[in-house]
Structures are given as structure tokens and as C-alpha cells.
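In terms of full-length UniProt numbering, the sequence shown is residues 1 to 191.
Backbone N, C-alpha and C define an ideal beta-carbon position, used for all residues, glycine too.
Contents: one structure, followed by commentary.
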Amino acid sequence: MDPVQVRILEKAEELFSKYGYSKTKMEEIASSLKISRKTLYKYYSNKQDLMEFFMEYRQNEIQKVIQQIANDESLTAVQKFSKLHQSLIEESPYVMNDLFIREVSEMFPQQLERFKKRREKEIPESIGKIFQMAKMKGELREGYMPEVAVHLFLSSIEMILSNKNSITIPLNIHEFQAEVVNVIFYGVLKR
1 MDPVQVRILE KAEELFSKYG YSKTKMEEIA SSLKISRKTL YKYYSNKQDL MEFFMEYRQN
61 EIQKVIQQIA NDESLTAVQK FSKLHQSLIE ESPYVMNDLF IREVSEMFPQ QLERFKKRRE
121 KEIPESIGKI FQMAKMKGEL REGYMPEVAV HLFLSSIEMI LSNKNSITIP LNIHEFQAEV
181 VNVIFYGVLK R
């Protein structure tokens, strides 16, 4: 992808997250990047086109992060899952403001549905492969059910994201996330 195109998508993400989709104008995106509107429209014919590219870009970025972590041979299984858990929380589109999420779901239901279906297929498959690699290396116990482990792992991310503003435990979100991963992999029972 062209570096200018990436800059546009990242600036759009910043402005959409800050002001919402409907209040962000194409002119604002261009001026904040110090590029002409002509340059912006060279890449994206309108704001809807930009939004669709943005959603695709976010999904591709999430997949890249997963693959980088999965392929990092220097990490143990628990380190991979901890890093992956944290990265999926940070890279999630749901970290954006609630207004933006609400607008996207109302204005782009088909694109959002396509995004969700792709995410629901690709992310569990990728995480399942990481569990399989860890099992082959002998890092996971025999007899565990990978489907349950993947579901628990992903559900814990959704739980953190859906409650990010109402967590009453005296931990920041990163400490909370690390403790969730510890509970998933080591449990709560004294051994």
C-alpha cells in the first residue's frame, strides 16, 4: 500500500475516533495531513469509500500483528498469548469512541457485518494455529480442547473491551489484561 494512502487511513482513524464519522470532513483530513483535496480524492472518491478502505486496512493490520506474534520463535506460548491478548485489545476497532462505533453500525451495516464475519473467521483460525504450535512443542497440557481455549481467549478480550469504562478493580487495563491471561493459563488454584 502506498505510504500516502496509509497516512490518510491513519489520520482518518484518528479523526473518526475523536469526532465521529459524520462530523469528520474530507477537507479536515486533507488539511491535517497537509495534502491537497485532489490528492485525497485520488485515493478515495468519497468519505464512504475511505471508510470501507479503512475497515479493510484495520482488519489487515490486525492479521499482520497476529502473524508477527505467531512467528516470533523467541517467545514461549504464554508470552505469545499475553502479547497477542494485549495487541488484540489495543488494535481492536472497539477501542475507538462509542459514537464512532454507533455511527458505523448504523451507516455501514453491510460493511460492518462483512468485517465482523472476516474477523470471526480469521482471528480464531490464527489463534487456533498458535495453540496447535504450542501443543506440538509440548508447552500445553495433553487433553485440553483447543476450541474451548480459543473461545475463552477471545471471550476474555470481548469482556475487557465491553467493560473498559466500568472496570472497578484497582488495575489499569494492561495490568487487568495481564491478570486475565494469567488466570486463563495458570488458573486460580494453588499448585
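Is it right to say residue i is buried, meaning 16 or more other beta carbons lie within 10 angstroms of its own, or is it exposed?
i: residue 200; result: Since the first residue shown for the chain is 1 and the last is 191, residue 200 is missing from the structure and cannot be characterised.
i: Thr24; result: buried
i: Tyr44; result: buried
i: His151; result: exposed
i: Ser82; result: buried
i: His85; result: buried
i: Lys80; result: buried
i: Val180; result: buried
Can you tell me whether residue i is helix, strand or coil according to DSSP?
i: Lys121; result: helix
i: Ser162; result: helix
i: Pro170; result: coil
i: Leu189; result: coil
i: Leu75; result: coil
i: Gly128; result: helix
i: Phe108; result: coil
i: Glu147; result: helix
i: Glu90; result: helix
i: Glu142; result: coil
i: Ala64; result: It is Lys, not Ala, that sits at residue 64 in the sequence shown. Note: Lys64 maps to helix in three-state DSSP.
Ignore the nearest five residues each way along the sequence and tell me which others in residue i's own chain have a CB closer than 7 Å to its CB.
i: Ala134; result: Ala77, Leu140
i: Glu122; result: Gln63
Is residue i near the ligand ADP, with its Cβ less than 6 Å from a heavy atom?
i: Lys18; result: The ligand ADP is absent from the structure shown, which contains no ligand whatsoever.
Using a Cβ-Cβ cut-off of 8 Å (strictly less than) and excluding sequence neighbours within five positions of residue i, which residues of its own chain qualify?
i: Ile127; result: Ile66, Leu84, Val150, Phe153, Leu154
i: residue 197; result: No statement about residue 197 is possible, as the shown extent of the chain runs from 1 to 191 and does not include it.
Among the residues of its own chain, which have a CB less than 6 Å from the CB of residue i, if the five just before and after it don't count?
i: Asn60; result: none
i: Leu9; result: Phe54, Tyr57
Q: Go through the UniProt domain "HTH tetR-type" (2-62) residue by residue and report every complete run of the alpha helix (DSSP H) that reaches 4 residues or more, in order.
A: 3-19, 26-33, 37-43
Q. How do the region 48-58 and the region 129-148 stand: do at least 3 beta-carbon pairs fall below 8 Å, yes or no?
A. no
Q: Taking 8 Å as the threshold, find out whether the region 21-36 comes into contact with the region 112-128 through three or more Cβ pairs.
A: no
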